[in-house]
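Here the protein sequences line up with chains A and B, keeping their order.
Read in order, the letters of the first sequence correspond to residues 1 to 212 in the numbering used here.
Read in order, the letters of the second sequence correspond to residues 1 to 232 in the numbering used here.
We put the CB at the ideal spot given by N, CA and C, even for glycine.
Just so it is clear, the structure is predicted and the values come from calculations on it, not from any experiment.
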Amino acid sequence: MRNSIILKGLVAAAAAVVPLLCHAESNVQTGANTAAPGATAHVDFQITIPKILYLRVGTGSSYTTGVLSSVGTVDLVSFAPTAAQVGNGTAVAGTGGDQTNGVETAAVVSNSGNVTLNATATGALGDGAGDSIAYTQITTTATTLTSATALPAPTLANGASANVVITAPPTKVIIQDAKWTYAYANTTTPPAGTYGGVNVNNGRVVYTATMP
Amino acid sequence: MSPPRRDTNQRPGGAGWHNASRLAGLVLCVALLASASHTVCAFTVTIAAAAPKTVYLQVGVGGFTGNYNAGGTPGNNATVNKESVAVAAAAVGNATAQAMATDSTVGASSYDGFAFCNVPAQLYIGGFYRTTTAGGGSVNVTATVPAALVDAGGDTLSFARISWTTGGNGPTGSTSTQPFPAGVFAAGAVQTVGAIAQNQWAESCWTFSYGNTTIPAAGTYTGRVLYTLTAP
Chain A
1 MRNSIILKGL
11 VAAAAAVVPL
21 LCHAESNVQT
31 GANTAAPGAT
41 AHVDFQITIP
51 KILYLRVGTG
61 SSYTTGVLSS
71 VGTVDLVSFA
81 PTAAQVGNGT
91 AVAGTGGDQT
101 NGVETAAVVS
111 NSGNVTLNAT
121 ATGALGDGAG
131 DSIAYTQITT
141 TATTLTSATA
151 LPAPTLANGA
161 SANVVITAPP
171 TKVIIQDAKW
181 TYAYANTTTP
191 PAGTYGGVNV
201 NNGRVVYTAT
211 MP
Chain B
1 MSPPRRDTNQ
11 RPGGAGWHNA
21 SRLAGLVLCV
31 ALLASASHTV
41 CAFTVTIAAA
51 APKTVYLQVG
61 VGGFTGNYNA
71 GGTPGNNATV
81 NKESVAVAAA
91 AVGNATAQAM
101 ATDSTVGASS
111 YDGFAFCNVP
121 AQLYIGGFYR
131 TTTAGGGSVN
141 VTATVPAALV
151 DAGGDTLSFA
161 RISWTTGGNG
171 PTGSTSTQPF
181 PAGVFAAGAV
191 QTVGAIAQNQ
201 WAESCWTFSY
211 GNTTIPAAGT
221 YTGRVLYTLT
231 AP
């Protein structure tokens with residue numbers, strides 16, 4: 001009994017210091033007004049979606065499973081015509097690329113309208129001895145991968161390529177990919193040498209995607 | 001400071017019962033305080049029939065003078081709270097549900113001031129349906145849901161992408177007994193989101209999330225849901 005009295009005292013003390021915490025959106029109706037519509041309240045919902053622009057050329061993240069992250073790997077695509085092939089006008093397939101045989105995965109994922117895509121080389125491929133091969137000798141053929149329409153590839157040039165505009169649907173969302181197959185056109189006979197390379201002798205092309 | 005833990009779920013009605021029940025709950029609270037962990041609770045309590053017939057609905061922040069169990073009175077407040085989420089760029093469309101948060105600062109029950117919901121993760125919803133005589137009826141709380149949230153560019157995001165779980169703080173209870181259970185919005189429809197028995201106070205805490213299974217156009221999407229408690 002003594003314990004009970006102490007407990008009740010504690011309860012009374014607690015009740016006395018409890019602030020009036022109940023200040024909440026509310027609507028009360030009485031009498032006939034309890035019928036339709038009765039008491040009502042609202043809640044606003046807001047979802048903010050940021051702009052995203054994802055570009056993959058070659059090795060990259062698994063965009064098909066929703067992984068849109070940066071990967072720093074730069075692939076090397078090489079061409080090595082045999083002596084008998086040099087300059088014979090028959091295109092030479094490449095080696096390397098994330099899909100091997102000179103084939104790269106290319107993808108754009110975006111959500112803010114049309115995307116402009118281009119490619120920039122510092123200049124013609126060089127061999128370090130003053131000789132060069134124009135980037136126009138390297139062709140890119142786009143074929144479908146997972147999207148219904150293949151992502152078009154810029155035509156390489158000794159500098160900035162022409163822009164390729166990917167038109168967004170009314171949803172403003174673009175999810176488009178392709179296999180880009182690189183080939184050496186082999187229509188000229190350059191001096192013997194190794195042209196380009198891993199970020200040397202103008203061997204690197206930078207692809208750039210932009211959107212509004 | 002908020003009141004200590006309380007007993008939950010279908011307490012007997014009447015002021016005398018409330019006091020006795022609450023005291024019993026406090027005794028239980030004192031006994032279990034050291035070992036009690038955070039658990040999910042439903043909370044409904046019978047209230048005494050009284051005139052005038054009244055329906056009261058509260059969602060988020062607003063106004064209630066005092067606490068119901070201490071003779072407080074319900075009131076109107078036009079403040080509309082917001083549930084929001086800003087999806088990180090790396091997470092857009094990755095199928096990981098994105099938790100939403102409320103701008104409501106109220107987690108306390110208007111019934112007894114108990115700190116029932118955890119803001120900003122949870123949104124308080126509660127109310128009562130009181131008639132002048134005893135009875136076994138009940139009323140539904142419905143949500144009138146627009147078809148889609150819309151951004152400034154006219155892009156849309158279906159309300160069906162938003163779902164919620166339900167809970168509340170307390171020593172015991174079960175989500176299966178929540179008066180306002182978990183659900184997902186029915187886009188462009190009126191749906192039942194809970195029920196209150198005749199002469200009962202009922203409350204839950206909702207935790208909303210955005211499904212994030214697709215890549216929408218960039219933008220800030222907004223939409224308003226109307227909750228209604230109507231007596232027969």
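CB contact check: residue i to chain B, cutoff 9 Å
i        : result
Phe79/A  : no
Gly197/A : no
Gly60/A  : no
Ile217/A : Given that chain A is displayed from residue 1 to residue 212, the structure contains no residue 217/A and the question cannot be resolved.
Pro191/A : no
Thr34/A  : yes
Thr38/A  : The question names Thr, but residue 38/A is Gly in the sequence shown. So yes, Gly38/A belongs to the interface.
Val28/A  : yes
Asn163/A : no
Gly72/A  : no
Ile138/A : no
Ile64/A  : It is Thr, not Ile, that sits at residue 64/A in the sequence shown. Closer than 9 Å: no.
Ala107/A : no
Ile133/A : no
N-terminal and C-terminal residue of the beta strand (DSSP E) that residue i is part of
i        : result
Thr166/B : Ile162 to Gly167
Thr228/B : Gly219 to Leu229
Ala148/B : Ala148 to Val150
Phe128/B : Leu123 to Arg130
Tyr210/B : Gln200 to Tyr210
Asp155/B : Counting along the chain, Asp155/B falls outside any beta strand (DSSP E), and DSSP gives it neither H nor E.
Gly75/B  : No beta strand (DSSP E) contains Gly75/B, which DSSP labels as neither H nor E.
Thr139/A : Ile138 to Thr143
Counted within 10 angstroms of its Cβ, other Cβ atoms place residue i as buried (16 or more) or exposed
i        : result
Thr65/B  : exposed
Thr187/A : exposed
Ser62/A  : exposed
Asn199/A : exposed
Thr189/A : exposed
Ser37/B  : For Ser37/B, the pLDDT reaches just 39, beneath the cut-off of 50, and the residue's location in the model is therefore unreliable, although a value from the coordinates is still provided. So Ser37/B ends up on the exposed side.
Thr90/A  : exposed
Thr105/A : buried
Ser70/A  : exposed
Ala93/A  : exposed
Gly38/A  : buried
Ala143/B : buried
Asn201/A : buried
Val74/A  : exposed
Ala157/A : buried
Thr44/B  : buried
Val86/A  : exposed
Ala148/A : exposed
Ala160/A : exposed
Ala48/B  : exposed
Val115/A : buried
Val165/A : exposed
Pro232/B : exposed
Gly58/A  : buried
Within chain B, partners of residue i - CB distance below 7 Å
i        : result
Glu25/A  : Gln58, Val59, Gly60, Val61, Gly62, Asn77, Thr79, Val80 and Asn81
Ser69/A  : Ala90
Ala209/A : Those within 7 Å of Ala209/A in chain B number zero; the least Cβ separation is about 15 Å.
Thr171/A : Ala217
Short CB-CB distance (under 9 Å) between residue i and chain A
i        : result
Ala231/B : yes
Gly135/B : no
Thr177/B : no
Gly127/B : yes
Gly170/B : no
Gly93/B  : yes
Asp153/B : A small fix is needed here, since residue 153/B is Gly in this sequence, not Asp. Taking Cβ atoms only, chain A reaches closer than 9 Å to Gly153/B, which makes this a yes.
Ser104/B : yes
Ser138/B : no
Within chain B, partners of residue i - CB distance below 8 Å
i        : result
Lys179/A : Near Lys179/A there are no residues of chain B at all, since even the closest Cβ is about 22 Å away, more than 8 Å.
Val43/A  : Val59, Gly60, Val80, Asn81, Lys82, Glu83, Leu123, Arg224, Val225 and Tyr227
Ser147/A : By Cβ distance, chain B contributes nothing, its closest Cβ being about 13 Å from Ser147/A, past 8 Å.
Asn111/A : Val92, Ile215, Pro216, Ala217 and Ala218
Ile52/A  : Ala89, Val92, Ile215 and Ala218
Under 9 Å from the C-beta of residue i: neighbouring residues of chain A
i        : result
Thr220/B : Gln46, Ile47, Thr48 and Ile49
Amino acids of chain A, ordered along the chain, whose beta-carbon sits closer than 7 Å to that of residue i
i        : result
Val45/B  : Within 7 Å Cβ-Cβ: nothing; Val45/B doesn't reach chain A, min ~15 Å.
Val184/B : Those within 7 Å of Val184/B in chain A number zero; the least Cβ separation is about 13 Å.
Thr119/B : Sequence inspection shows Val at residue 119/B; the Thr mentioned does not correspond to that position. Correct list: empty, because the minimum Cβ distance to chain A is about 11 Å.
Partner residues on chain A for residue i, Cβ-Cβ distance less than 8 Å
i        : result
Val150/B : Here the premise fails: no neighbours, minimum Cβ distance about 11 Å.
Pro52/B  : Thr30 and Gly31
Exercise. May I ask you to list, following chain order, the residues of the segment 71 to 88 of chain B that have a beta carbon less than 9 Å from some beta carbon of chain A?
Key: Gly72, Thr73, Pro74, Gly75, Asn76, Asn77, Ala78, Thr79, Val80, Asn81, Lys82, Glu83, Ser84, Val85, Ala86, Val87 and Ala88
Practice problem: Output, in sequence order along the chain, the residues in the segment 155 to 168 of chain B whose CB is closer than 9 Å to any CB in chain A. | Solution: Asp155, Leu157, Phe159, Arg161 and Ile162
Self-check item: chain A contacts from the segment 190 to 223 of chain B (Cβ-Cβ distance under 7 Å)
Solution: Tyr210, Ile215, Pro216, Ala217, Ala218, Gly219, Thr220, Tyr221, Thr222 and Gly223
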